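For the sequence shown, the numbering used here begins at 4 and goes up steadily by one. Every residue, glycine too, gets a C-beta built ideally from N, C-alpha and C. For clarity, every value in this text was computed on a predicted model and none was experimentally measured. Structure record follows, encoded as structure tokens.
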Amino acid sequence: MLSQKPQQILLFSQNAKKVGAICLLAFPLCLQAEKNAGFIGIGLEIGRADKKLVGEKNGQIFQVPQGTVALSAAKPPPSAYDPLTHKLIDTGLNDCTPGNCKAEWTSGTMPSDNAKTLQGAENPGRNAPMFGLNVIAGYKQFFGKKRWFGLRYYGFFDYGHSNFSNATASNYTSVFFMNNDKVDMYTYGVGTDMLFNVINKPKLSVGLFLGVQFAGNTWTSNKVSRLKQGYLIGIVPGECAYIPDSGNPCEKNYTGPAVGTNGEINPASMVTTGPLTSRVNGTHFQFLVNVGIRANIIEHHGVEFGIKIPTIPLLYYKGVAYKYLIPNGKGICDGRCEGYYSLSQTFRRQYSMYLRYIYSF
Numbered sequence: 004m005l006s007q008k009p010q011q012i013l014l015f016s017q018n019a020k021k022v023g024a025i026c027l028l029a030f031p032l033c034l035q036a037e038k039n040a041g042f043i044g045i046g047l048e049i050g051r052a053d054k055k056l057v058g059e060k061n062g063q064i065f066q067v068p069q070g071t072v073a074l075s076a077a078k079p080p081p082s083a084y085d086p087l088t089h090k091l092i093d094t095g096l097n098d099c100t101p102g103n104c105k106a107e108w109t110s111g112t113m114p115s116d117n118a119k120t121l122q123g124a125e126n127p128g129r130n131a132p133m134f135g136l137n138v139i140a141g142y143k144q145f146f147g148k149k150r151w152f153g154l155r156y157y158g159f160f161d162y163g164h165s166n167f168s169n170a171t172a173s174n175y176t177s178v179f180f181m182n183n184d185k186v187d188m189y190t191y192g193v194g195t196d197m198l199f200n201v202i203n204k205p206k207l208s209v210g211l212f213l214g215v216q217f218a219g220n221t222w223t224s225n226k227v228s229r230l231k232q233g234y235l236i237g238i239v240p241g242e243c244a245y246i247p248d249s250g251n252p253c254e255k256n257y258t259g260p261a262v263g264t265n266g267e268i269n270p271a272s273m274v275t276t277g278p279l280t281s282r283v284n285g286t287h288f289q290f291l292v293n294v295g296i297r298a299n300i301i302e303h304h305g306v307e308f309g310i311k312i313p314t315i316p317l318l319y320y321k322g323v324a325y326k327y328l329i330p331n332g333k334g335i336c337d338g339r340c341e342g343y344y345s346l347s348q349t350f351r352r353q354y355s356m357y358l359r360y361i362y363s364f
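This is how it looks when you write it as structure tokens:
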């Protein structure tokens, strides 16, 4: 009996070595928990983006007509000189006068999407789908004996494209509504996520992640040249859009529907600012929240579905103008100034959902 024990011990030792050798050859099959590793990944994104333009006069909403405006003659030249800015300034003349403006409006009172909605709520701006892709590279590490909790640190890059094609007017006089406004968005930075593994199996780990990202955010628009040539056009409440003549909704005895017309604009119904002093800022800081579910399969391969939410809108464009009744030469708006006008355009990626493949080294 005593002679058999050393043989049993020797046999057990040999078997253990064989199992160990097998695990070395097929390590992923013997893995009991996800290990620390570097990783790279690529994914597809789909989300929503919005564009909001706000025109203001002295801090109050300044309605901009909805429709198409076309100048058929040259704009009147600026007629005063500002010694502070060394620029010619507008002195209150309207660009639209009888004979040089034509319009097609959807109604005689020139409604504006810049004003409040019929229900009294603030207009939400233009909203469109955004499609894109993302790449990520970093390192993940887990803590504790069971390794159910970990952290990952990474750099990332997101690209998105959106087309705000549902705008209703496009012209060089009013930049407020522009058809086919195509934008590209780039987000690039670093992030960290907390990893929670709910399932830790030899071949599969499944869990959740939650984290934050710090990034630069850049937007480009194919309409930026029009923004730089911007004029702000508003309406005079209660005035008809057209000069009354036969066949358009402003005719006194007109009984037809309030449909578009090629009649001349009624200059009393419009006010313009002249050229805006403008600035385009395409890049700013972005803070994002990142959350989702993930799975790691046989050590090296992973897949995850997540949602990232940017928190800071980008003031992409800001244009301003003083409209002088009498030039004061001071470059400020005093009692001889009709008002301070501003036009701003803001972009924001509301959220992105993504599906990503991860390879761990």
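Note on geometry: alpha-carbon atoms of residue 201 and residue 294 lie some 15 Å from one another.
Taking C-beta separations shorter than 8 Å and ignoring five residues to either side along the sequence, the partners of residue 144 in its chain run 39, 153, 154 and 155, following chain order. Minimum Cα-Cα distance from residue 308 among the listed residues 149, 212 and 281 corresponds to 212.
Residue nearest to residue 281 within the set 305, 346 and 317 is 346 (criterion: CA-CA distance). As the crow flies, the alpha-carbon of residue 305 is around 6 Å from that of residue 360. Rounded to whole angstroms, residue 287 and residue 205 show a C-alpha spacing of 44 Å. Note: residue 42 is bridge-paired with 141 and 363 in the DSSP secondary-structure output.
Residues 282 and 347 of the same chain have their beta carbon placed closer than 6 Å to that of residue 321, with the five preceding and five following residues left out of the count.
Under DSSP, residue 132 takes part in a beta bridge, and its partners are 51. Nearest Cα to residue 296 within the set 42, 356 and 51: 356. Cβ atoms of residue 48 and residue 134 come within 8 Å of each other, at about 7 Å. Residue pairing by DSSP puts residue 162 in a beta bridge opposite 136 and 189.
Per DSSP, the unbroken beta strand (DSSP E) holding residue 313 starts and ends at 304-313. Shown here for residue 130: same chain residues with a beta carbon closer than 7 Å to its own, the five before and five after excluded, namely 51 and 53 in chain order. Counting every other CB atom within 10 Å of its CB across the protein chains shown gives residue 314 a total below 16, marking it as exposed.
The bridge partners DSSP lists for residue 201 come to none.
Contact between residue 194 and residue 219 fails: their C-beta atoms lie close to 13 Å from each other, not under 8 Å.
Note on geometry: alpha-carbon atoms of residue 166 and residue 225 lie some 10 Å from one another. By the C-beta density criterion, residue 311 is buried, having at least 16 other C-beta atoms within 10 angstroms.
Each residue's CA atom was taken as its position, placing residue 221 and residue 319 some 9 Å apart.
A distance of 7 Å or more separates the beta carbons of residue 216 and residue 317.
Membership of residue 222 in the beta strand (DSSP E) is indicated by the continuous run 207-224.
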